[in-house]
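Inspection log for the structure reproduced underneath, given as structure tokens.
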Amino acid sequence: MKKDIILCGVGGQGILSIATMHGMSQRGGDVQSNLRLSTEPIYSDLIAEAGADLIISMEPMESMRYLAYLSKEGKIVTSSKPFVNIPNYPDEAALQQELDTLPSIKLDIETVSKDCGNPRGANMVLLGMAAPYIGILSVENLREAIATVFSRKGEQVVEANLKAFDAGVKNS
Amino acid sequence: MKKLLLGDEAIALGAINAGLSGVYAYPGTPSTEITEYIQGHPLAKERGIHSRWCTNEKTAMEAALGMSYAGKRALVCMKHVGMNVCADAFVNSAITGVKGGLIVLAADDPSMHSSQNEQDSRFYAKFALVPCLEPSNQQEAYDMMAYGFDLSERLGEPIVLRVVTRLAHSRAAVEVTEPMAEKLLSPSTDQWVLLPGIARKKYVKLLEKQDAMRQASEQSIYNKVEASASKTGILACGIAYNYVKEAVGNDANLVKVSQYPLPDEKIKALAAKCDELLVIEDGQPVVEELVKGLLGAGYPVKGRLTGDLPRTGELTPDCVAKALGKATGAVFAPAKNMAARPPQLCQGCGHRDVYAALNQVLADYPEHRVFGDIGCYTLGALPPFQSLSSCVDMGASITMAKGAADAGLFPAVAIIGDSTFTHSGMTGLLDAVNDKANITVIISDNLTTGMTGGQDSAGTNKFEAICLGLGVEPEHVRVVVPLPKNMPEITRVIKEEIEYNGVSVIIPRRECIQTFARHARAKKH
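See the structure below:
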């Protein structure tokens with residue numbers, strides 16, 4: 000089994016902590032990373048056009064920047080809240096409408112994570128939303144991974160992140 | 000043991016485990032993480048492996064050559080344009096030869112993700128007449144460190160290891176080996192004195208080694224052959240191999256090229272059983288040109304020069320599949336509600352205040368030009384500031400402003416960052432002082448090498464002393480703090496120094512807000 004995932008957002012939103020593309024692109028510009036999960040050997044680091052099973056985005060306009068890479072059977076999982084740091088950001092209503100015409104789910108992940116009492120857990124909410132579509136890793140696998148990654152920071156941090164993750168799963 | 004490593008980290012760990020004694024480097028995307036990984040590695044700390052940043056790529060290359068002279072294994076790392084900076088030392092290191100293994104790592108950036116050109120470092124290896132290794136994945140990058148050091152010591156020559164952004168900045172599982180011991184101190188007893196009489200003999204020796212280098216390529220495990228019934232032969236160089244495998248799987252008649260000079264015999268054998276060759280290489284058409292020469296005018300060779308692959312930009316799975324005649328799937332139409340989102344200076348960055356002040360003062364001088372340099376502050380060329388007229392290479396702001404001032408341009412202003420100034424700006428400032436050039440130099444000092452992620456800057460706390468030492472008049476070395484509340488003072492200082500007929504240096508100094516935040520967090524914990 001193989002899952003090709005594009006992770007994207009705006010430099011500074013935390014996409015770089017998953018991928019690495021230093022240099023100027025980290026400063027308020029568009030950033031993206033290709034994640035390829037496979038049970039069999041694969042060769043290319045890059046995902047081909049129409050090859051991505053998932054686009055996971057921290058920002059709604061950014062979620063549509065890589066449409067050419069989305070498989071016709073693929074899905075967009077994105078934050079619905081625009082990050083406006085350019086003067087010519089598109090009309091928001093039109094943008095949300097266009098996103099609705101695509102195979103996508105969106106959620107105001109910042110508000111949801113705040114409501115969970117974890118204002119810095121927006122990316123965990125997003126991961127939770129995407130979790131049921133990853134397939135190659137189960138929702139439970141991902142919960143265990145979150146516990147492992149944050150175990151150094153203590154029980155409370157683990158719980159807060161799992162809570163945000165679960166809220167995302169509920170909204171997927 | 001398997002570890003999930005960036006290409007850069009695989010190179011770093013491969014070097015440590017191959018008995019590295021020193022890494023010498025100047026930060027540059029996409030090579031920076033190699034040195035950072037070594038700086039943070041427990042075994043490197045325990046062994047005292049040298050890993051402090053160098054002032055520029057030339058000092059790095061020379062120090063590494065010195066370590067090799069002393070008999071130990073050394074690694075030099077840089078982005079591709081760093082090869083231009085260290086070229087004098089690098090090309091001549093092929094003439095001196097090496098003692099301890101010496102690997103020169105060049106990280107090329109096809110598509111210019113964070114660079115000003117897409118020059119191909121394989122040309123440098125060929126120019127200097129030394130072997131070049133080009134891994135196709137993170138595992139090979141790891142393995143090629145021990146392999147490369149051995150090859151370097153066996154041939155007595157430096158080895159170029161060329162990677163590209165996609166390999167350097169991509170993670171994969173890597174099988175890691177046990178660390179080897181470092182080499183003992185055993186300085187060369189050979190004379191590395193490149194006086195003409197000696198250099199002529201050494202050059203002949205280097206030429207005599209070319210056969211051994213070609214033999215090494217023919218026998219290299221990295222230049223493997225795969226056979227099928229296809230009549231199109233493929234030369235898959237470096238990471239191009241991955242895109243070929245992705246597109247056609249095992250149905251390819253190919254030579255995978257990961258070690259240079261080219262394995263001529265393998266390529267001729269491939270050509271003999273095929274009707275045409277397709278050369279797939281990331282970067283410039285280095286191999287395509289060489290193979291045309293090797294096979295003669297009658298044999299069809301396709302690649303970037305023939306338009307079968309794009310002439311510019313990095314390879315993608317899509318362009319390779321297309322060149323191999325494979326159709327790609329149907330794609331969604333581009334989104335309508337879309338806008339470009341270029342990178343920008345951080346909110347609260349001191350460079351912003353510098354450009355705001357500079358633009359305000361220069362509005363009174365319609366003939367002004369601002370010569371820029373390489374760093375975050377190059378973004379001052381974009382809206383909202385649009386202040387810069389040039390950005391060419393490290394240090395060029397000062398010398399270009401000087402040349403323009405020599406031609407009569409006024410005001411000629413240079414803006415350069417602290418790390419770029421010590422990298423390559425100091426010598427140009429000395430030229431300007433000696434010529435009493437009418438220029439205003441702004442050293443925008445954020446106490447770090449910001450663009451590559453906040454590495455130590457070689458000149459921190461030394462800038463006034465450096466400028467005075469180079470002969471700038473003490474009353475024309477001015478320091479300001481770039482904050483919005485200081486705007487009246489900053490604009491007054493800039494105006495005064497533009498009006499001064501001679502070399503003046505203004506140093507706006509405030510820590511990068513990224514490193515400031517990082518330091519504050521570290522203090523809290």
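As given, the protein sequences belong to chains A and B, one line each in that order.
Per numbering that gives the first Met the number 0, the first sequence starts with residue 0, numbered consecutively.
Per numbering that gives the first Met the number 0, the second sequence starts with residue 0, numbered consecutively.
The beta-carbon is built from N, C-alpha and C at its ideal position, and this holds for glycine as well.
Within 10 Å of its beta-carbon, does A339/B have 16 or more other beta-carbons around it, so buried, or fewer, so exposed? By the neighbour-count criterion, in which a residue is buried when 16 or more other Cβ atoms sit within 10 angstroms of its Cβ, A339/B is exposed.
Identify whether V80/B lies in helix, strand or coil by the three-state DSSP scheme. Of the three classes helix, strand and coil, the one that applies to V80/B here is coil, per DSSP.
Using a Cβ-Cβ distance under 8 Å, would S43/A count as near chain B? Interface residue, yes.
Using a Cβ-Cβ cut-off of less than 8 Å, list which residues of the region 49-62 of chain A approach chain B; keep chain order. Sequence-ordered contacts of the region 49-62 of chain A with chain B read A49, G50, M60, E61 [C-beta pairs closer than 8 Å].
For L304/B, I'd like the list of residues in its chain whose CB is within less than 6 Å of its CB, leaving aside the five on either flank, ordered along the chain. Excluding sequence neighbours, L304/B sits near P284, E287.
Chain-ordered neighbours of R64/A on chain B, where CB pairs are closer than 8 Å: Chain B residues near R64/A: A334, M337.
Less than 8 Å separating the beta-carbons of Y298/B and A270/B? Closer than 8 Å, so yes.
Going by the beta-carbon positions, is the gap between A59/B and I15/B smaller than 8 Å? Their beta carbons are not under 8 Å apart, which means A59/B does not touch I15/B by this criterion.
If we require 3 or more residues per run, which beta strand (DSSP E) segments fall completely within the region 254-300 of chain B? Here the runs fully enclosed are 275-279.
Chain B contact residues for K1/A, given Cβ-Cβ distances below 8 Å: What K1/A touches in chain B: nothing, since even the nearest Cβ is about 11 Å away.
Taking only three categories from DSSP, how would you classify F331/B? In this structure, F331/B counts as coil in the three-state DSSP scheme.
Span of the alpha helix (DSSP H), counted from its first residue to its last, around D99/A: For D99/A, the enclosing alpha helix (DSSP H) begins and ends at 91-100.
Closer than 8 Å by beta-carbon distance: list the chain B residues that pair up with Y218/A, in chain order. Residue 218/A is absent from the model: chain A starts at 0 and stops at 171.
Pick helix, strand or coil for T439/B, following the three-state DSSP scheme. In the structure shown, T439/B adopts extended strand secondary structure according to DSSP, grouped into three states.
Give me the Cα-Cα distance between I506/B and P157/B, rounded to the nearest whole angstrom. For I506/B and P157/B, the distance between alpha carbons rounds to 40 Å.
Looking at T327/B and A320/B, is the spacing between their C-beta atoms short of 8 Å? Yes, Cβ-Cβ distance for A320/B and T327/B is below 8 Å.
Buried versus exposed call for K169/A [16 or more other C-beta atoms within 10 Å across all chains shown]: Classification of K169/A: exposed, given that the 10 Å Cβ count is below 16.
Looking at C-alpha atoms only, which residue of I220/B, V471/B, S386/B, T448/B is the closest neighbour of M425/B? Nearest C-alpha to M425/B: V471/B.
Apart from the five residues on each side of it in sequence, which residues of its chain come closer than 6 Å, Cβ to Cβ, to G76/A? Note on identity: in this sequence residue 76/A is Val, with Gly being the wrong assignment. Here the set comprises I55, I104, M128, A129.
Is the region 145-156 of chain B touching the region 209-218 of chain B, taking contact as three or more C-beta pairs under 8 Å? Taking a cut-off of 8 Å for Cβ pairs, the region 145-156 of chain B and the region 209-218 of chain B touch, as three or more such pairs fall below it.
Can the beta-carbon of D142/B be found closer than 8 Å to that of G13/B? Contact: yes.
Pick helix, strand or coil for H350/B, following the three-state DSSP scheme. H350/B: helix per DSSP, three-state reduction.
Any beta carbon of chain B sitting closer than 8 Å to that of L144/A? As written in the sequence, residue 144/A is Ala, which differs from the Leu given in the question. No, its Cβ sits nowhere closer than 8 Å to a Cβ of chain B.
Which residues, in order along the region 293-323 of chain B, keep a beta-carbon less than 8 Å from a beta-carbon of chain A? Correct list: T315, P316, D317, A320.
Does DSSP put R26/A in a helix, in a strand, or in coil? Three-state DSSP puts R26/A in coil, outside helix and strand.
Once DSSP output is grouped into helix, strand and coil, what is the label at N252/B? DSSP places N252/B in strand when its eight states are reduced to three.
For D352/B and T439/B, what's the separation of their Cα atoms in angstroms? Answer to the nearest angstrom: the Cα atoms are 17 Å apart.
How is P40/A classed by DSSP in three states: helix, strand or coil? Looking at P40/A - three-state DSSP - the assignment turns out to be coil, as it is neither helix nor strand.
Between which two residues does the alpha helix (DSSP H) holding A17/B run? It is not in any alpha helix (DSSP H) - A17/B carries neither H nor E in the DSSP assignment.
In three-state terms, what does DSSP make of V129/B? DSSP, reduced to helix, strand and coil, places V129/B outside both helices and strands of the structure shown, so it counts as coil.
Looking at C-alpha atoms only, which residue of N433/B, R72/B, A356/B, P342/B is the closest neighbour of R210/A? Since the first residue shown for chain A is 0 and the last is 171, residue 210/A is missing from the structure and cannot be characterised.
Cα-Cα separation between A47/A and S171/A, rounded to whole angstroms: Approximately 26 Å between the Cα atoms of the pair.
If S396/B sits next to D372/B, beta carbons under 8 Å apart, how far is it from one beta carbon to the other, in whole angstroms? Confirmed, Cβ separation roughly 4 Å.
Taking the beta strand (DSSP E) that F370/B falls in, what are its first and last residues? That run of the beta strand (DSSP E) goes 368-370.
Taking three-plus beta-carbon pairs below 8 Å as touching, is the region 159-167 of chain A in contact with the region 118-127 of chain B? Because the criterion of three Cβ pairs below 8 Å is not met, the region 159-167 of chain A and the region 118-127 of chain B do not touch.
Report yes if the C-beta distance between K2/A and L36/A is below 8 Å; otherwise report no. Taking the C-beta atoms as reference points, L36/A is found nearer than 8 Å to K2/A.
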